[in-house]
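Chemist: Counting from 18, one number per residue, gives the positions in the first sequence under our numbering. C-beta: ideal position from N, C-alpha, C; glycine also. Below is one structure. I have some questions about it.
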Amino acid sequence: MKDFKRYLITAALPYANGPIHIGHLAGVYLPADIYVRYLRAQKRDVKFVSGSDEHGVPITIRAMKEGVTPKEIVDKYHAIIKDSLAQMGVSFDIYSRTSNQIHHKTASDFFINLYDKGLFEEKETEQYYDEKAKTFLADRYIIGTCPVCGNPNAYGDQCERCGSSLSPELLINPRSALSDATPIKKKTKHWYFPLQNYESFLKQWILEEHKEWKNNVYGQCKSWLDNGLQSRAMTRDSNWGIKVPLPDAEGKVLYVWFDAPIGYISATKELTDNWKDYWQSEDSRLIHFIGKDNIVFHCIIFPAMLKAHGDFVLPDNVPANEFLNIEGDKVSTSRNWAVWVDEYLKDFPGCEDVLRYVLCSNAPEAKDNDFTWKDFQDKNNSELASIFGNFVNRTFVLMHKLCGGKVPKLHEDLMDDLDRTLIEEIKNSKSKVENAIEEFKFREALFEVIDLSRKGNKYMQEKEPWKKAASLERLAASEENGSKLEAHSSQQLIDNCLHLCLQLTANLAILINPFLPFTAQKLLHMMKVVDKILDWENAGSIKLLSVGYSLRAPEILFRKIEDKEIEMQVEKLKNGLVRTDTSSQLPDAVNQKSETSNQQPHEINHIKSEIVYDDFAKLDLRVGKIVSADKVAKADKLLKLEIDLGFEKRTIVSGIALHFKAEEIVGKQVVVVANLAPRKMRGIESNGMILMAEDKSGKLHFVNPDDETDAGSVVS
RNA sequence: GGCGGGGUAGCUCAGUUGGUAAGAGCGUCGGAUUCAUAACCCGGAGGUCAGGAGUUCAAUUCUCCUUCCCGCUACCA
C-alpha cells in the first residue's frame with residue numbers, strides 16, 4: 018500500500034428531513050468513527066468530516082406539507098442529528114451543513130470550473146409541471162389511476178398495488194401530489210455531465226487499480242461500468258438549493274447529488290486553512306464511509322467530477338456497508354419501523370457504548386443484518402457485562418483485597434507457562450485488532466478485544482489467586498518452620514497474577530478505545546492514568562501501570578439490562594407509540610436523499626387506497642361510555658379504560674394519556690371498534706379501540722355522537 | 001426485466017486458491033468453582049454449508065439452472 022501522510026475520512030451526509038436511526042450509525046457513523054479514533058491513537062494526521070445535507074426536493078415537499086419554510090425543516094433536523102451523533106461519541110472534527118455560505122461558494126465554484134472547461138452538455142427537455150404549486154414534478158409526485166389494475170393512487174413511476182412499472186403518461190387522470198392540479202408538460206433547460214467520457218478512466222481506476230475494494234462495492238461498480246454510463250443532469254428546477262451560477266438559470270439549482278459530496282470539501286475548508294493538504298495532495302488518503310445505496314455516487318459520479326476538475330485526489334477506498342434490519346423487517350420511517358438514536362439516548366442514558374458495541378459487533382459489513390432487542394440485551398449482558406466488565410471488576414476487587422490496592426510486583430523468576438502465554442496473547446491482540454481495522458473488518462477487530470478479556474478470565478481461573486490467599490491465611494496461623502517462606506512465595510504468585518491482569522486491563526483500555534470510548538475513559542479513571550496511555554503504540558506492552566501505584570476502587574462498567582427494558586422497547590416499536598406524528602414518510606436508506614424516482618415519498622397527504630363496502634362492513638363500531646379511567650403504571654401514554662357497551666363492560670387500553678387526564682374523561686361517550694382482536698399492552702388485555710380525531714397540531718379529540726345515545730348502539 | 005451482493009449450527013456471523021474431523025460468539029444441556037455484575041472456567045449436543053444438475057478421483061468451495069432476501073437500474077447491456 019502507498020505510504021500516506023494524511024487521512025481524510027468522510028461519513029455520508031445525513032439528509033436533514035428526519036432524525037437518524039441506528040441503521041445510520043451501524044452502517045456509516047460508527048465504522049467511520051472507529052477507524053478515525055484508531056488512526057488518531059496511532060498519531061496519524063487525520064481529519065473526520067461530515068455534515069447535514071440540506072438541499073433536495075424531499076425537503077421542500079416536506080416544508081410545503083407542514084406549512085413551514087425549508088430552512089425551518091433543516092434547522093430543526095440539523096440540530097437533532099448533530100446532537101445525536103455527538104452524544105453517541107462520533108468524533109467529527111467538523112459536522113457542517115450544506116446550507117452554509119462556504120458550501121454555496123465551493124459548490125458554485127466547482128460547477129463553474131467544469132462549466133468554463135466546457136464539460137457540461139446543455140439539454141432542453143419537457144418535464145411535468147404543477148402550475149398551482151409552481152414547481153416541476155418528479156414522476157413519483159404524480160398520482161393517478163393505474164391502467165393495469167385500476168388503483169386510483171398509483172405513482173407516476175410505479176403502482177404499489179400491482180407492482181406495474183409505469184410512467185406519468187400511462188396514468189389515467191394524473192394529478193399532482195402537491196396540489197391536485199393536473200400536471201402539464203413544460204420545457205426546461207438543464208446541464209448534463211457526460212459520465213460516458215470518463216468511462217475508460219473509471220474502468221482503469223476501479224476495476225484495475227482497486228481490486229481490494231469490498232465485494233459489494235466492486236461488483237456494483239463493475240456492473241455500472243460494464244453497462245455503459247450516460248449523461249446525467251446536474252441541475253434541477255427548484256428554488257431550494259444552490260443557485261446555478263449562470264446568468265440564464267433563474268429558478269434552477271444544482272442537483273443535490275452534485276452539491277452533496279462537494280459538502281465534504283466545504284466542510285474541510287471550514288475546518289482548516291490547510292484543507293488543500295487533504296484534498297489536493299497525492300499523499301493524502303481519502304476514504305468515504307457510506308451505505309450501499311450511495312455506492313454509485315461515491316464511486317462513479319463524484320470521482321468523475323473530481324477527475325474532471327483535476328485538482329483533487331480520488332477516494333482510495335469506499336467501504337460501503339449493507340443495511341441493518343430491525344426485528345426482522347427492514348427499516349421504514351413511513352411505517353415508523355426504526356430505532357431512533359435520540360430516543361435511545363433518552364431511554365438508555367449512559368449506555369452509549371452498549372449501542373456502539375451491539376451495532377459494531379453485528380454491523381452489516383457483508384450483507385444485511387438484523388437488529389433485535391433480545392440480541393441487544395444478550396450481547397450486553399453476556400459479552401460486555403459478564404466477560405469484559407466482570408473481568409475488570411474481579412481484577413480490581415482482588416487487587417484491593419490481596420495486594421493492598423496497589424499494582425503488585427511482577428516476580429519474573431516465578432513466571433510459568435501460563436504467564437508467558439498470557440503475555441504473548443496480549444502482544445498478539447494488538448496486531449490482530451490492527452490488521453482487522455486496517456481491512457475495515459470492525460466486527461472481527463472488536464471480537465478480538467473481547468476475546469482478550471475472555472483470555473484474562475481464563476487465566477485468572479487457572480491461577481486461582483483467591484485459593485492462594487486462603488492458604489496464606491492458614492500458613493499465617495501455623496507456627497511451623499518454613500511456613501514463612503511458603504507464605505512469601507504464595508504472595509508472590511498472587512502478585513504475578515494480578516500484575517498481569519492489571520496490565521491486561523490497561524491493554525483493554527487501549528484496544529477498546531476506538532470502539533467504546535466512554536468505557537476507555539472509565540478505565541483510565543479507575544487506573545488513575547492520563548489519556549496519553551491510550552496511544553496505540555502502547556498496546557501489547559505489559560509495562561503500562563507502574564508497580565506500587567495505587568488504583569481506585571472499581572466501578573461497574575456495564576450494568577445488566579433487564580427483560581422489562583427490552584420488552585418495553587419491542588412494545589414501543591410494535592405499537593408505533595413514538596413519533597406517529599412526525600409523518601417522516603420518506604423511505605430511507607442509510608443516506609436517504611436522491612431524487613431518483615423510486616426514492617420519493619410513499620404517500621403525500623392523500624386518501625388511502627380505495628376499499629369496497631365489505632371491507633368497511635367488517636368493522637363493528639359501537640357507542641360506549643367511559644365508566645372509569647386509570648393511568649397505566651410505568652407507561653407514559655396509556656390509560657386503562659372501562660367502557661360500558663350496554664350489553665357488556667370491557668377494558669380498553671388507549672394511548673391517550675398525554676392528551677387527557679383520567680378523571681376528566683369519565684362519563685364521556687365514545688365510539689369503539691368493538692371487534693378488534695384483543696392485544697396485551699403492559700400486561701393488560703385491551704379489547705377494542707377508541708376512535709379519535711387528530712388535528713393539525715397533533716391534538717386528539719374524541720369522536721362521539723352529537724347527543725346522548727344508548728351505550729351499545731351500532732354505528733354505521 | 002437486467003445487473004450486483006447474499007442465502008453455512010436455535011440466533012448472529014466467519015471460512016474454504018476444491019481434498020486430511022465444517023468454525024466462532026451467543027443460546028441450550030451437563031460439570032466444576034466462588035475472587036467477581038447468580039459472574040467466570042471446563043465439557044457435550046446441535047449443520048446432507050438454500051434446492052437441483054454438471055465438471056472432477058474428490059465440491060460447501062468451480063460451472064449451469066431453480067428459488068428466496070437485499071440493493072441498483074430500466075424496456076437497455
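Could you check which residue in D50, D385, H207 has the C-alpha nearest to that of D110?
Modeler: The residue with the shortest Cα to Cα distance from D110 is D50.
Chemist: Flag this pair as touching only if the segment 239-258 and the segment 360-374 have three or more C-beta atom pairs under 8 Å; answer yes or no.
Modeler: Segments in contact, no.
Chemist: Closest to D468 by C-alpha separation, out of Q221, I404, D243, A194, would be which residue?
Modeler: When each option's Cα is compared against that of D468, the closest is I404.
Chemist: Assuming contact is defined by CB atoms lying nearer than 8 Å, are T389 and L25 in contact in what I supplied?
Modeler: Result no, Cβ atoms of T389 and L25 do not sit closer than 8 Å.
Chemist: How should K58 be labelled, buried or exposed, when 16 other C-beta atoms within 10 angstroms of its C-beta is the threshold for buried?
Modeler: Correcting the residue identity first, residue 58 is Ala in this sequence and not Lys. It counts as buried.
Chemist: Could you check what DSSP says for N341 in three-state terms: helix, strand or coil?
Modeler: With the sequence shown as reference, residue 341 is identified as Leu, and Asn is not the correct amino acid for it. In the structure shown, L341 sits in a strand (DSSP, three-state: E or B).
Chemist: Under 7 Å: does the beta carbon of F413 sit that close to some heavy atom of the ligand SAH?
Modeler: The ligand content of the structure shown is nil, which means the ligand SAH is not present either.
Chemist: Any idea what DSSP makes of Y24, helix, strand or coil?
Modeler: Strand, per DSSP.
Chemist: Leaving out the 5 sequence neighbours to the left and right, which residues in its chain are closer than 8 Å to T726 when beta-carbon positions are compared?
Modeler: Closer than 8 Å at Cβ, skipping near neighbours: V640, Q686.
Chemist: Please classify N622: does DSSP put it in a helix, a strand, or coil?
Modeler: At N622, the pLDDT of 31 sits below 50, so the modelled position is not reliable; the number obtained from the coordinates is stated separately. Residue state, collapsed to three classes: coil.
Chemist: Grouping DSSP H, G and I as helix and E and B as strand, with all else coil, what is P31?
Modeler: It is coil, neither helix nor strand.
Chemist: Suppose you measure from the CA of G35 to the CA of Y94; what does that come to, to the nearest Å?
Modeler: Approximately 6 Å between the Cα atoms of the pair.
Chemist: Taking the C-alpha atoms as reference points, what is the distance between L515 and K239?
Modeler: Whole-angstrom Cα-Cα distance: 54 Å.
Chemist: Count the other CB atoms, across all protein chains shown, that sit within 10 Å of the CB of H120; report buried if there are 16 or more and exposed otherwise.
Modeler: The residue is buried, with at least 16 neighbouring Cβ atoms inside 10 Å.
Chemist: Taking all protein chains shown into account, do 16 or more other C-beta atoms lie within 10 angstroms of the C-beta of N338, making it buried, or fewer, making it exposed?
Modeler: Buried, since its Cβ has 16 or more Cβ neighbours within 10 Å.
Chemist: According to DSSP, is A493 helix, strand or coil?
Modeler: Here A493 sits in helix by DSSP.
Chemist: Tell me which residue opens and which closes the beta strand (DSSP E) that I669 is part of.
Modeler: Here the beta strand (DSSP E) through I669 covers 666-671.
Chemist: Considering just the uninterrupted stretch of the alpha helix (DSSP H) at Y132, what are its terminal residues?
Modeler: Counting along the chain, the alpha helix (DSSP H) containing Y132 begins and ends at 118-133.
Chemist: For P722, which residues of its own chain have a beta-carbon under 7 Å away from its beta-carbon, when the five flanking residues on both sides are left out?
Modeler: Around P722: V640, Q686.
Chemist: On a CA-only basis, which of R157, W222, R569 is nearest I317? Give me that one, please.
Modeler: When only C-alpha atoms are compared, the closest one is W222.
Chemist: Just the Cα atoms here: how many angstroms apart are P332 and L303?
Modeler: Rounded to whole angstroms, P332 to L303 spans 5 Å at the Cα level.
Chemist: Taking 6 Å as the limit between beta carbons, can you name the residues of its chain near A355, skipping five residues before and five after?
Modeler: If we look at A355 and ignore the five residues flanking it on each side, its Cβ neighbours are H38, V348.
Chemist: Do N379 and L431 count as a contact pair if the criterion is CB distance below 8 Å?
Modeler: Not a contact, by the Cβ cut-off of 8 Å.
Chemist: Mapping DSSP to helix, strand and coil, what is N721?
Modeler: Coil, per DSSP.
Chemist: Touching or not, the segment 88-108 and the segment 130-141, by the rule of three or more beta carbon pairs under 8 Å?
Modeler: No: the two stretches stay apart, fewer than three of their Cβ pairs being nearer than 8 Å.
Chemist: Tell me whether R352 sits in a helix, a strand or coil according to DSSP, three-state version.
Modeler: Correct three-state label for R352: coil.
Chemist: Looking at G268 and V45, is the spacing between their C-beta atoms short of 8 Å?
Modeler: Taking 8 Å as the Cβ cut-off, V45 and G268 do not qualify as a contacting pair.
Chemist: Whole angstroms is fine: what's the gap from R352's alpha carbon to Q520's?
Modeler: C-alpha separation (whole angstroms): 49 Å.
Chemist: May I have the straight-line CA-CA distance separating T522 from L246, to the nearest angstrom?
Modeler: Their Cα atoms are separated by approximately 53 Å.
Chemist: Classify S446 as buried or exposed, calling it buried when 16 or more other Cβ atoms lie within 10 Å of its own Cβ.
Modeler: When all chains shown are included, S446 counts as buried.
Chemist: Taking 6 Å as the limit between beta carbons, can you name the residues of its chain near A43, skipping five residues before and five after?
Modeler: L341, L376, A380, listed in sequence order.
Chemist: Determine the contact status of L242 and L263, defining contact as a CB-CB distance below 8 Å.
Modeler: No, these two residues do not count as a Cβ contact at 8 Å.
Chemist: Looking at C-beta atoms only, is the number of pairs between the segment 277-297 and the segment 112-129 that lie closer than 8 Å three or more?
Modeler: Enough Cβ pairs lie closer than 8 Å, so yes.
Chemist: Using a threshold of 8 Å, state whether the C-beta atoms of G422 and S567 are closer than that.
Modeler: Closer than 8 Å, so yes.
Chemist: For D346 and G106, what's the separation of their Cα atoms in angstroms?
Modeler: When rounded, the distance between both Cα atoms is 27 Å.
Chemist: By DSSP, does D727 sit in helix, in strand, or in coil?
Modeler: Reduced to three states, the DSSP call for D727 is coil.
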